[in-house]
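Peer 1: This is the structure I want to talk about, given as structure tokens.
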Amino acid sequence: MIKSQVKAIVDRFFEEGVSSSLWSDRLRDRYSVEVPKHQGQGDFATNLAMVGAGIEKCNPRELAARFIELAGEDHPVIERWEIAGPGFINIFLKKSIWTTILAEINRQGEGFGLSRQGQGKRVLVEFVSANPTGPLSVGHGRNAIIGDSVARLLEATGFQVHREYYFNDAGRQMRVLGESTRARYLEELELEHQFPEDGYQGSYITDIADQLVQESGAELKDAPVEFFKEKAKEAIFADIDATLKRIGIAFDSYFNEHTLYEDGLIDDVVQSLKDQDLVYEQEGAVWFKTSALGLEQDRVIIKSSGEPTYRLPDIAYHREKFKRGFDWMINVFGSDHIATVPDVLAGVRALGYDDELITVILYQFVTLLRGGKQVKMSTRKATFVTIDELVDEVGVDALRFFFLMRKPDSQLEFDLDLAKKQSQENPVYYVQYGHARLCSIQRQAAEQGVSLDFSREVELGLLDQEEEYHLLKTMADYPGLVADAATDLAPHRLIFFLMELAGNFHSYYNKHKVLSDDRELSAARLYLCHCVKTVLKNGLTLLGITAPERM
RNA sequence: GCGCCAGUAGCUCAGUUGGAUAGAGCAACGGCCUUCUAAGCCGUAGGCCGGGGGUUCGAAUCCUCCCUGGCGCGCCA
438 MIKSQVKAIV
448 DRFFEEGVSS
458 SLWSDRLRDR
468 YSVEVPKHQG
478 QGDFATNLAM
488 VGAGIEKCNP
498 RELAARFIEL
508 AGEDHPVIER
518 WEIAGPGFIN
528 IFLKKSIWTT
538 ILAEINRQGE
548 GFGLSRQGQG
558 KRVLVEFVSA
568 NPTGPLSVGH
578 GRNAIIGDSV
588 ARLLEATGFQ
598 VHREYYFNDA
608 GRQMRVLGES
618 TRARYLEELE
628 LEHQFPEDGY
638 QGSYITDIAD
648 QLVQESGAEL
658 KDAPVEFFKE
668 KAKEAIFADI
678 DATLKRIGIA
688 FDSYFNEHTL
698 YEDGLIDDVV
708 QSLKDQDLVY
718 EQEGAVWFKT
728 SALGLEQDRV
738 IIKSSGEPTY
748 RLPDIAYHRE
758 KFKRGFDWMI
768 NVFGSDHIAT
778 VPDVLAGVRA
788 LGYDDELITV
798 ILYQFVTLLR
808 GGKQVKMSTR
818 KATFVTIDEL
828 VDEVGVDALR
838 FFFLMRKPDS
848 QLEFDLDLAK
858 KQSQENPVYY
868 VQYGHARLCS
878 IQRQAAEQGV
888 SLDFSREVEL
898 GLLDQEEEYH
908 LLKTMADYPG
918 LVADAATDLA
928 PHRLIFFLME
938 LAGNFHSYYN
948 KHKVLSDDRE
958 LSAARLYLCH
968 CVKTVLKNGL
978 TLLGITAPER
988 M
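In the numbering used here, the protein residues as written are 438 to 988.
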């Protein structure tokens with residue numbers, strides 16, 4: 438916000454310099470305005486002179502001097518310019534500029550930080566997409582939170598977002614699920630049964646069987662596996678939905694892989710590929726000639742049994758996404774799916790679509806830590822930890838916060854003991870506590886009869902403390918940060934921002950009294966606090982985390 | 001063997017897409033509550049940014065070769 442103002446000022450002087458032949462226009466758009474790392478290096482800095490020196494083959498500091506001379510001394514926004522280091526131009530703003538952000542925050546309220554950069558663009562976020570073979574586990578949890586947070590970020594920046602869950606309730610996995618359920622059912626009735634060798638051993642299967650016994654007694658003992666499969670699917674989906682709802686996630690649509698078959702879309706894809714000579718038969722199977730599309734090896738798309746492999750419906754599904762007219766399609770996958778991505782993209786390309794419109798977020802694995810030791814998990818033995826158990830233990834806020842503390846590319850260590858702690862070590866509380874403290878100050882002010890109406894005149898010049906200046910600068914960064922986090926699909930940056938802002942506030946709180954006998958000063962500081970509270974709350978809400986008023 | 005991801009303080013991780021003197025939290029040590037919430041703050045200590053080479057005014061960041069860990073490389077999804 439303020440940064441873009443400064444960039445505009447630098448741009449204007451740059452153009453003036455071009456007109457006066459101080460430097461050439463080859464430099465245009467090559468330089469940037471950044472926030473310097475250290476204090477004393479100004480509010481902003483530009484590398485214009487250094488980049489320019491490289492192009493013009495001259496001394497960067499000399500070029501910087503020319504720039505500063507051109508810019509002159511008298512300016513409504515800039516206090517002074519300074520040449521530093523190898524040739525940076527450090528830019529010091531008038532202090533009063535920073536307080537202008539307060540009116541902006543106050544005016545926009547909940548809308549502060551939102552933008553329109555994605556306006557008019559429709560984006561599909563496909564995530565979770567777990568098949569209904571069991572409750573959502575920790576790995577799905579990271580998927581769900583990343584996907585939903587990315588969706589929220591995109592919404593915040595003006596995209597029209599559609600959340601979709603893709604699933605498959607046919608195939609071998611599901612058959613085994615039906616068999617497992619039937620076996621448990623018969624077991625309950627103490628009838629003869631055989632539990633499948635690779636069956637699902639989780640206790641949730643027994644729960645479903647129990648339910649069936651209670652509802653129908655022994656009536657179902659001759660019912661086909663298909664029946665049990667359907668029952669299990671319904672129960673498990675209901676369970677998954679409840680879990681998602683609990684952690685604040687709702688989908689706009691569920692896409693059943695099966696519809697692709699019913700609508701003939703699978704055959705259609707095969708035909709299209711055939712037409713392009715990208716398909717051949719070998720040993721009874723149908724192969725996709727991915728090697729002709731620059732990949733390492735060809736892949737089977739239809740097994741000799743006649744069943745397609747996952748690749749084929751995946752390609753068909755993605756073609757449907759394109760047909761539905763999305764401008765951007767985002768998939769959230771665990772890194773174990775890494776091998777499947779290139780094949781699907783190659784298929785999409787072969788069908789004539791631009792695979793650049795698809796972005797795949799591959800997140801690394803989650804390990805749970807309890808008592809400093811890794812919790813061993815195995816899907817087969819059903820010793821996995823479910824999201825529900827996790828929420829029972831640490832709550833929704835900590836769950837969301839912890840899953841977002843790392844970028845997707847990094848493996849994530851989820852420390853249960855830390856997430857549970859209601860103490861200073863827990864970063865969730867650190868941020869939330871900041872918000873609660875701000876609310877407390879406002880309550881106090883209200884009790885003292887101090888006005889919380891900031892539309893009237895407040896003497897902003899009184900906000901001249903170092904810590905106040907930090908808060909203002911940090912808050913001014915917020916809209917740009919949200920915008921960048923959205924385009925880069927990086928919700929973790931927002932987490933780090935919130936910790937920084939909360940930290941700035943805690944320091945301020947401990948050093949300066951907001952409420953005092955000085956009514957003017959109190960009013961100014963209350964105004965500042967009001968804005969900090971707004972930004973903290975906006976950021977937390979954006980990530981689906983609550984901002985408590987008391988703790 | 002090949003592909004992708006990671007390797008930064010004792011631990012867990014950021015690092016604004018190539019910028020200045022390397023950052024946070026936790027752990028350690030030392031301080032701060034008769035004053036708006038101590039779920040907080042202040043200070044100290046802690047570094048061959050995995051290693052070598054290269055690119056340039058400038059590298060944790062880009063290229064290359066190694067080392068270590070994770071995930072894959074299926075007519076499973």
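Heads up, the beta-carbon is just placed ideally off N, CA and C, and yes, glycines get one too.
If you draw a straight line from the alpha carbon of Ala939 to that of Gly701, how long is it in whole angstroms?
Peer 2: Straight-line Cα distance between these residues: approximately 55 Å.
Peer 1: Look at the Cβ atom of Asn484, then the Cβ atom of Phe525, and state whether they are nearer than 8 Å.
Peer 2: Yes, they are a contact pair.
Peer 1: Measure the Cβ-Cβ separation of Gly636 and Val662 and say whether it is below 8 Å.
Peer 2: Result no, Cβ atoms of Gly636 and Val662 do not sit closer than 8 Å.
Peer 1: So Leu958 and Phe934 are in contact, right, with Cβ under 8 Å, and what is the actual spacing, rounded?
Peer 2: The Cβ separation is near 28 Å, so there is no contact.
Peer 1: Buried or exposed, going by whether 16 or more other CB atoms sit within 10 Å of the CB of Leu788?
Peer 2: So Leu788 ends up on the buried side.
Peer 1: Measure the CB-CB distance between Phe840 and Arg579 and report whether it falls below 8 Å.
Peer 2: Taking 8 Å as the Cβ cut-off, Phe840 and Arg579 qualify as a contacting pair.
Peer 1: Spatial neighbours of Glu937 within its chain, please: CB distance less than 8 Å, with the 5 preceding and 5 following residues excluded, ordered by chain position.
Peer 2: Counting only Cβ-Cβ distances below 8 Å, and skipping sequence neighbours, we find Thr911.
Peer 1: Is Val560 near Leu591, with beta carbons less than 8 Å apart?
Peer 2: Yes. Within cutoff.
Peer 1: Output needed for Val797: all residues of its chain with C-beta closer than 7 Å, excluding positions within five of it in sequence on either side, in chain order.
Peer 2: Excluding residues within five positions, the ones whose Cβ falls inside 7 Å are Asn768, Phe770 and Val778.
Peer 1: What is the rounded straight-line gap between the Cα of Tyr1030 and the Cα of Gln610?
Peer 2: As displayed, the chain neither begins before 438 nor continues past 988, which places residue 1030 out of reach and without an answer.
Peer 1: Return the Cβ separation of Val951 and Leu963 in integer angstroms, given the expectation that the two are a contact with Cβ distance under 8 Å.
Peer 2: Indeed they touch by this definition, with Cβ atoms about 6 Å apart.
Peer 1: Should Pro633 and Ala620 be called a contact, given that it needs their Cβ atoms to be closer than 8 Å?
Peer 2: Closer than 8 Å, so yes.
Peer 1: Measure the CB-CB distance between Glu986 and Cys876 and report whether it falls below 8 Å.
Peer 2: Closer than 8 Å, so yes.
Peer 1: As a quick exercise: from Phe665, Cys966 and Glu894, pick the residue whose alpha carbon is nearest that of His907.
Peer 2: When each option's Cα is compared against that of His907, the closest is Cys966.
Peer 1: How would you label Ser441, buried or exposed, when you count the other beta carbons within 10 angstroms and need 16 or more for buried?
Peer 2: Result: exposed.
Peer 1: With DSSP as the reference, identify every bridge partner of His599, one or two as the case may be.
Peer 2: Answer is Leu561.
Peer 1: What's the call for Asn496, buried or exposed, on a 16-neighbour Cβ count within 10 Å?
Peer 2: Label assigned to Asn496: exposed.
Peer 1: Quick check on DSSP: helix, strand or coil for Arg786?
Peer 2: The answer is helix: DSSP assigns Arg786 an H, G or I state.
Peer 1: Assuming Lys857 and His929 form a contact by the criterion Cβ under 8 Å, report the distance between their Cβ atoms to the nearest whole angstrom.
Peer 2: Going by Cβ atoms, the distance from Lys857 to His929 rounds to 21 Å, so no, they are not a contact pair.
Peer 1: According to DSSP, simplified to helix, strand and coil, what is Glu471?
Peer 2: Strand.
Peer 1: Do three or more CB pairs link the segment 457-465 to the segment 493-512 at distances below 8 Å?
Peer 2: Yes, they touch.
Peer 1: Does Arg467 pass the burial test, meaning 16 or more other C-beta atoms within 10 Å, or should it be called exposed?
Peer 2: That one is exposed.
Peer 1: Would you identify the three-state DSSP class for Trp724, choosing helix, strand or coil?
Peer 2: Three-state result, Trp724: strand.
Peer 1: Taking only the alpha-carbon atoms, compute the straight-line gap between His599 and Tyr866 and give it to the nearest angstrom.
Peer 2: Near 31 Å, if we compare the C-alpha coordinates of Tyr866 and His599.
Peer 1: Once the 5 residues before and after Gln848 are set aside, which same chain residues still bring their CB inside 8 Å of it?
Peer 2: Around Gln848: Gln801, Phe802, Val803 and Thr804.
Peer 1: How should Gly489 be labelled, buried or exposed, when 16 other C-beta atoms within 10 angstroms of its C-beta is the threshold for buried?
Peer 2: Buried.
Peer 1: Please report the distance separating the alpha-carbon of Asn863 from that of Val831.
Peer 2: Each residue's alpha carbon lies about 11 Å from the other.
Peer 1: Out of curiosity, what's the CA-to-CA distance linking Gln869 and Ile932?
Peer 2: When rounded, the distance between both Cα atoms is 12 Å.
Peer 1: Which whole-angstrom value is the C-beta distance of Leu681 and Ala581, which I expect to be below 8 Å?
Peer 2: Confirmed, about 7 Å.
Peer 1: Taking the alpha-carbon positions, what's the His695 to Val812 distance?
Peer 2: In a straight line, the C-alpha of His695 is about 36 Å away from that of Val812.
Peer 1: In three-state DSSP terms, what is Ser709?
Peer 2: Helix, per DSSP.
Peer 1: Inspect the beta-carbon positions of Ala669 and Gly615 and report whether they are closer than 8 Å.
Peer 2: Yes, the Cβ-Cβ distance between Ala669 and Gly615 is below 8 Å.
Peer 1: Within the continuous alpha helix (DSSP H) that includes Asn527, where are the two ends?
Peer 2: Element bounds for Asn527: not the alpha helix (DSSP H) but the beta strand (DSSP E), Phe525 to Leu530.
Peer 1: Below 8 Å between beta carbons: does that hold for Leu732 and Ala783?
Peer 2: Their beta carbons are under 8 Å apart, which means Leu732 touches Ala783 by this criterion.
Peer 1: Cβ atoms of Val514 and Gly685: under 8 Å apart, would you say?
Peer 2: Cβ atoms of Gly685 and Val514: not closer than 8 Å.
Peer 1: Pull up the distance between the alpha-carbon of Ser458 and that of Ala486, whole angstroms please.
Peer 2: Between Ser458 and Ala486, the C-alpha separation is close to 15 Å.
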